[in-house]
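Structure record follows, encoded as C-alpha cells.
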Amino acid sequence: MRFLTASGIEPKIVLYLKEGWSHDQLITVKIASSMDWTDMLRPDACALLKPFIIADDDVAIINYLIEHPEAIERPFVQTPKGVRLCRPLTRIIDIIDQTPESPWLTEKGEQIL
C-alpha cells in the first residue's frame, strides 16, 4: 500500500476476508488478470482444488472460494491499466502511471526501484 500511495494512487481496500467474494468479482479478477486458477490460489487450496482445476470446473472452484476467501493469493491490485497479483511487488509497475522516487525500499529494506 505504501508503494501505491507513494505513486500518487489512493487505493480502495477490499476486505475480502470480512466481506467475501462474489461470483462476479472472482470472474472479473480472473479474466482481467489473465491468470489461471493455479496462479490465483494459495498452494494448499490449489492442491485441494486440483481435480476441479483439471476438469475446468469453474463453478466448483468459485463456490469453494466464496466459502473460503482466504484461499486466494493476494494482494490483487486493479487500475485502469489492468489487474495484477502484486506479489512480488514489482508486478505492479506495468499497471501504474507513475512510480515512486528511486531508491524505494520495502519495509524489510529490500530495494525495489
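Residue numbers for the sequence shown follow the working numbering, so the first one is 363 and each next one is one higher.
We treat Cβ as the ideally placed atom computed from N, Cα and C, and that holds for glycine.
Here the structure is a predicted model, which is why all the values come from computation and not from measurement.
Span separating the alpha-carbon of residue i from that of residue j
i: residue 405; j: residue 398; result: 13 Å
i: residue 402; j: residue 376; result: 17 Å
i: residue 472; j: residue 438; result: 21 Å
Secondary structure of residue i, DSSP reduced to three states
i: residue 436; result: coil
i: residue 403; result: strand
i: residue 377; result: coil
i: residue 446; result: strand
i: residue 475; result: coil
i: residue 411; result: coil
i: residue 441; result: strand
Check whether residue i and residue j have beta carbons under 8 Å apart
i: residue 446; j: residue 457; result: yes
i: residue 466; j: residue 394; result: no
i: residue 400; j: residue 389; result: no
With 16 other Cβ atoms within 10 Å as the buried cut-off, status of residue i
i: residue 379; result: exposed
i: residue 409; result: exposed
i: residue 407; result: buried
Proximity test, Cβ basis, 8 Å: residue i and chain C
i: residue 377; result: Any reference to chain C falls outside this structure, which holds one protein chain only.
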